[in-house]
Amino acid sequence: MSEKLLKDLFFKEYYFSDFFFFNVGYEKCKSKHRFCPSLRDNYIVHFVISGKGRYTVNDTTHRLGAGDFFLIRPNELVEYEADAEDPWEYYWIGFSGSKVKEILHTNGIGVKDYIGQVGAEEELQGKFAHFMQSDFFDDSQKLVNQALFCDIFSFFKIHNGNMEMEVQTSQRTKYSEAFLLYVENNYYREDLTIEEIAKSMYLHPSYFSQVIKEELGLNALKYLNLYRMNKASQLLKTTELSVEEIASAVGYQNRHSFSRAFKSRFHSSPTRYKLEK
Numbered sequence: 027m028s029e030k031l032l033k034d035l036f037f038k039e040y041y042f043s044d045f046f047f048f049n050v051g052y053e054k055c056k057s058k059h060r061f062c063p064s065l066r067d068n069y070i071v072h073f074v075i076s077g078k079g080r081y082t083v084n085d086t087t088h089r090l091g092a093g094d095f096f097l098i099r100p101n102e103l104v105e106y107e108a109d110a111e112d113p114w115e116y117y118w119i120g121f122s123g124s125k126v127k128e129i130l131h132t133n134g135i136g137v138k139d140y141i142g143q144v145g146a147e148e149e150l151q152g153k154f155a156h157f158m159q160s161d162f163f164d165d166s167q168k169l170v171n172q173a174l175f176c177d178i179f180s181f182f183k184i185h186n187g188n189m190e191m192e193v194q195t196s197q198r199t200k201y202s203e204a205f206l207l208y209v210e211n212n213y214y215r216e217d218l219t220i221e222e223i224a225k226s227m228y229l230h231p232s233y234f235s236q237v238i239k240e241e242l243g244l245n246a247l248k249y250l251n252l253y254r255m256n257k258a259s260q261l262l263k264t265t266e267l268s269v270e271e272i273a274s275a276v277g278y279q280n281r282h283s284f285s286r287a288f289k290s291r292f293h294s295s296p297t298r299y300k301l302e303k
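Heads up, the sequence shown is in the working numbering, so the first residue is 27 and it goes up one at a time.
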């Protein structure tokens, strides 16, 4: 555990549904303080103000330091750890809403982007410090706090050198976003195929697969399997469903096929993984 240089606030009532924050916090971590591989239900962005650490997502590890930020997306397996010699210190905000993906794209953050660098570190640090002093439980302050949140979030942009990257949502990006949504809504179906998804967009399967590989960095079938395994992991950890029921819930009618796929991803059988929760 980290030293008690920690403040973590959660909120349950929101005035907005399209873009809102539900959690804000600060922590100065101890040496090698680690968040084990886990899934989150919502988006979280961390802003590093001092020290160093590493962030791992999609089997890729990023080394980060002061001025960097890293983004956690829902239902993606991530882990992060403070440096042994110079452990990091950071603020974070958890957020959600129907317009999140659109706002991320407006800020230049595409579906493959997980890290970036803040251009005005001291200014953003000051805004976070001010935000943490807000009265989050006073109804009369909710609009003010939402405005502060939006102001802070405007700092999280992807830059190209010193020039902010201008992002135009291309047709290929729209295809990848449609693919992500299709998987999210249909992953539980055993008969779901990449050919079906491509056909729903009136695309040839080979061209569709090429687009997804270039946009997401992994092929469509691998992403579908990864999504299913991450969902299975979440269900094993948070429900009392049997392994057979969870296998069926993520698109596998054959328990043995499910167990092989799960063990390949997590290096543990579903039964053992469930017992360790």
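Where a beta carbon is used, it is the ideal one built from N, C-alpha and C, also for glycine.
Supposed contact pair F121 and N68 - C-beta distance, whole angstroms, cut 8 Å: Rounded to the nearest angstrom, the Cβ distance from N68 to F121 is 7 Å, consistent with a contact under 8 Å.
Residue(s) in a DSSP beta bridge with S76: E115
Compute the Euclidean distance between the alpha carbons of H88 and E270, then round it to the nearest angstrom. Distance between the alpha carbons of H88 and E270: 36 Å.
Cβ pair K125, F45 closer than 8 Å: Against a cut-off of 8 Å, the Cβ pair of F45 and K125 comes out as a contact.
Can you tell me whether Y69 is helix, strand or coil according to DSSP? strand
When the Cα atoms are used, what is the spatial distance from S294 to L103? 15 Å
Which first and last residues belong to the alpha helix (DSSP H) in which I141 is found? From DSSP, I141 is part of no alpha helix (DSSP H) but of the beta strand (DSSP E) over 141 to 143.
Less than 8 Å between the C-beta atoms of L65 and N256, yes or no? Going by C-beta atoms, L65 is nearer than 8 Å to N256.
Straight-line CA distance for G123 to I129? Here the C-alpha atom of G123 lies approximately 10 Å from the C-alpha atom of I129.
Counting only runs that start and end within the region 152 to 235, where is the beta strand (DSSP E) found for 3 or more residues in a row? Runs found: none.
Through-space distance from Y106 to T82, alpha-carbon basis: 6 Å
Exposed or buried, which one is N171 when buried takes at least 16 other CB atoms within 10 Å? buried
Once you ignore the five residues that flank Y253 on each side, which residues in its own chain have a CB closer than 8 Å to its CB? N101, V209, E210, Y213
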